[in-house]
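In this text, residue positions in the sequence shown follow the working numbering: the first is 35, and each later residue adds one.
Structure record follows, encoded as structure tokens.
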Amino acid sequence: MPVVTESKPLKCVIVTNMMAFYRLDLFNILGQKKNISLHVIFSSETEDRTRFWEINKNALQFAYTVLESGKVAKKKSALQEGGNIIIPSGLYRHLKKINPDIIVAGEYNLSALFSLCFARLHKKKYVSWSDGTLSSERNISFLQKILRRFICRFADNFIASGTLTKEAQTAYGADPRKISPALLTIGDSEKFLPSVKKTGKIPRILACSYLYRRKGLHLLLSALPLLKTPFLLDIIGSGDEQENLMLQAEAAGLERQVFFRGYRQRRDIYCFFQEADFFVFPTLLEPFGLVAVEALYAGLPLIISIHAGCIADVLENGINGFAVDPENTAELAEKIGMLLTDNNLRKKMGKASLRISSKFSINKSADDFFRACVLNGDLNA
Numbered sequence: 035m036p037v038v039t040e041s042k043p044l045k046c047v048i049v050t051n052m053m054a055f056y057r058l059d060l061f062n063i064l065g066q067k068k069n070i071s072l073h074v075i076f077s078s079e080t081e082d083r084t085r086f087w088e089i090n091k092n093a094l095q096f097a098y099t100v101l102e103s104g105k106v107a108k109k110k111s112a113l114q115e116g117g118n119i120i121i122p123s124g125l126y127r128h129l130k131k132i133n134p135d136i137i138v139a140g141e142y143n144l145s146a147l148f149s150l151c152f153a154r155l156h157k158k159k160y161v162s163w164s165d166g167t168l169s170s171e172r173n174i175s176f177l178q179k180i181l182r183r184f185i186c187r188f189a190d191n192f193i194a195s196g197t198l199t200k201e202a203q204t205a206y207g208a209d210p211r212k213i214s215p216a217l218l219t220i221g222d223s224e225k226f227l228p229s230v231k232k233t234g235k236i237p238r239i240l241a242c243s244y245l246y247r248r249k250g251l252h253l254l255l256s257a258l259p260l261l262k263t264p265f266l267l268d269i270i271g272s273g274d275e276q277e278n279l280m281l282q283a284e285a286a287g288l289e290r291q292v293f294f295r296g297y298r299q300r301r302d303i304y305c306f307f308q309e310a311d312f313f314v315f316p317t318l319l320e321p322f323g324l325v326a327v328e329a330l331y332a333g334l335p336l337i338i339s340i341h342a343g344c345i346a347d348v349l350e351n352g353i354n355g356f357a358v359d360p361e362n363t364a365e366l367a368e369k370i371g372m373l374l375t376d377n378n379l380r381k382k383m384g385k386a387s388l389r390i391s392s393k394f395s396i397n398k399s400a401d402d403f404f405r406a407c408v409l410n411g412d413l414n415a
């Protein structure tokens, strides 16, 4: 295995599916470490038509390549919105040209499989990086399960974006001693810091996600008519279900209480978190759920689905919020009602969320990521 020396930094390539804004701050920090020379290969600039975020490429402090990959549309299902399968074009050629010491590849897709084959063929260190959980991957095919077991058998080390990801990697055959938990987090946490809440106002609930069926917002709207306390709900995001959700809200007589704010760029969402009194995340299937980390930094109590991959890391149940089964709309309404009617409980839970947010330091995540790249043996020793 390659060894770090001060005179010769290790060449590290990260292969990931797209130029996601929430990864770039992490890559910038890794790119500044003296012990490695970083190059990121993005299989595509964006994965599908719903990813509208703006990327300031001038702010990127690492070398990168965007492949001209092919895309094949995925089949939609009840809990999957479709999207695309990325067919990486030129990946082998770029890896051969860079000749890295270490390859870190995200998830269990074709790019990861090609990267693993390159690593084994050329005797390079291979690190498997994932956000997925057993819950979020409960409906995957037999072939997808085989691919996960294959990658977990032959990878040298692993990076887990959360506690439940480590559980999944272990179930797929990874040695838990070789898994480094590097929590998925954000680099602009200071912009979410909570504002002073006005007293005597109608409480504001916040939900922020793509408007797909699997995000469970139809279940949230089904729970709201059960409430007997005034509220306002801001829904941030866009997607295939937007029209259906708006019709559902109108049919329930909620048009003066529920506001669909549409898709917002990063710079435009901070104010919604600062004005909110608590956050609801009713997802039915979620590998992680980074938006819940944003809610922590904003000092918001959480009502979070048991299906959210981040739940083990962001929630202390009953302390900074509540875990709920979103399909149990009576339970969901009950927990929302508790926070609507108890300002002191909201304050107490909000302070707990701020405390929990401290473990999501992006510098610590970068260090944990780096450890999986450069160390061998027991990463938890």
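Built from N, CA and C at the ideal position, the CB exists for glycine as well.
From a predicted model like this one, the values you see are computed outputs, not experimental measurements.
In the DSSP assignment, Cys242 falls within the unbroken beta strand (DSSP E) covering 238 to 242.
Here the segment 332 to 347 makes contact with the segment 309 to 319; the two share three or more CB pairs at distances below 8 Å. Residue Ile239 holds the alpha-carbon nearest to the alpha-carbon of Leu266 among Lys235, Leu409, Ile239. Unbroken alpha helix (DSSP H) runs of no fewer than 4 residues, entirely contained in the segment 374 to 403, are found at 377 to 391, following chain order. Burial check for Asn143: the Cβ neighbour count within 10 Å reaches 16 or more, so the residue is buried. Take the alpha-carbon of Leu58 and the one of Leu218: they are about 12 Å apart. For Val74, the three-state secondary structure derived from DSSP is strand. Thr263 carries a coil assignment under DSSP once its states are collapsed to helix, strand and coil.
Glu320 carries a strand assignment under DSSP once its states are collapsed to helix, strand and coil.
DSSP places Tyr297 outside both helix and strand once states are collapsed to three, so it counts as coil.
In chain order, Ser77, Ser78, Ile120, Ile121, Pro122, Ser123 place their CB closer than 6 Å to the CB of Ser103, counting only its own chain and leaving out the 5 sequence neighbours on each side.
If you compare the alpha carbons of Ile48, Trp87, Asn414, Leu44 with that of Tyr244, the shortest gap goes to Trp87.
Arg248 sits away from Asp311, with the two beta carbons spaced by 9 Å or more.
In the structure shown, Ala202 falls within a helical segment according to DSSP collapsed to helix, strand and coil. Per the C-alpha coordinates, the member of Gly411, Leu413, Asn414, Cys407 positioned closest to Ile70 is Cys407.
In the same chain as Gln308, and ignoring 5 residues on each side of it, the C-beta atoms closer than 7 Å to its own belong to Pro228, Ser229, Ala332, in chain order.
DSSP lists Ile121 as the bridge partner or partners of Gly104. Taking Ser256 as the centre and dropping the five residues before and after it, the same chain places the C-beta of Thr363 closer than 7 Å to its C-beta, in chain order. When secondary structure is reduced to three states using DSSP, Phe306 falls in the helix class. By the beta-carbon neighbour count (other beta carbons within 10 angstroms, threshold 16), Thr50 is buried. Taking Ala283 as reference, the option from Ser395, Phe152, Val327, Leu254 with the minimal CA-CA separation is Leu254. Ser395 and Glu275 have their alpha carbons spaced roughly 34 Å apart.
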